[in-house]
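Take a look at the structure below.
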């Protein structure tokens, strides 16, 4: 895996996503450049392909339902652009060590209260996912193997139990944080090193040039 600090990896991922998101519609050549960058980012981070493929399949099914009513020509560009953004962010998330979301948030230039809310949301999401994994293992021990068996096991009652178990664990985590001196503010201030700042500036400049060129090309054609 590429030896980069977590805040730097997050900010580079956001640079790619924001740059691709602001591309002018139907600027396919610029979008292909971002696609190559996204695949390079995936390769550098050594992302597990099977997990990435499963996430992308689920996310794209939902996105296709939203985009297809806009028309095939517009929807195709939106879906490809969304795929590139999802590859970039999922590559970052799938290679994120456990309980390190707060470290990745440290370098973002956003208000501290928003950082705290994102950190707590990420922590509770980890709790939820761990409870889902435990319930899946429990279902397998009861002989409910495969996706169909898990769907039969995840009845309304089990979803309610999942919510209660997750809520109980979240309360215990919060109580442990209060015991350790949590007072509503988290020590999440951090600054990037000079070399990391230069890397972000260079990546931002490259993304800005790629994105702006999509608008200049449309002006030239007109």
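Residue numbers (my numbering): 245 to 466. Ideal Cβ placement from N, Cα and C applies to all residues, glycine included.
If you draw a straight line from the Cα of residue 305 to the Cα of residue 333, it is about 17 Å long. With contacts defined as CB atoms closer than 8 Å, residue 282 and residue 331 qualify as a contacting pair.
Looking at the backbone, the Cα of residue 254 and that of residue 349 are separated by about 8 Å.
In summary, residue 329 is buried, with 16 or more beta-carbon neighbours lying within 10 Å of its beta-carbon over all protein chains present.
Distance between residue 436 and residue 341, taken at the CA atoms: about 19 Å. Residue range 316-338 is occupied by the alpha helix (DSSP H) that includes residue 318.
For residue 260, the closest of 322, 279 and 301 by C-alpha to C-alpha distance is 279. Nearest neighbour of residue 310 by Cα position, chosen from 286, 378 and 322, turns out to be 322.
For residue 279, the enclosing alpha helix (DSSP H) stretches over residues 272-289. Residue 302 and residue 276 have their alpha carbons spaced roughly 23 Å apart.
The continuous alpha helix (DSSP H) containing residue 257 extends over residues 250-265.
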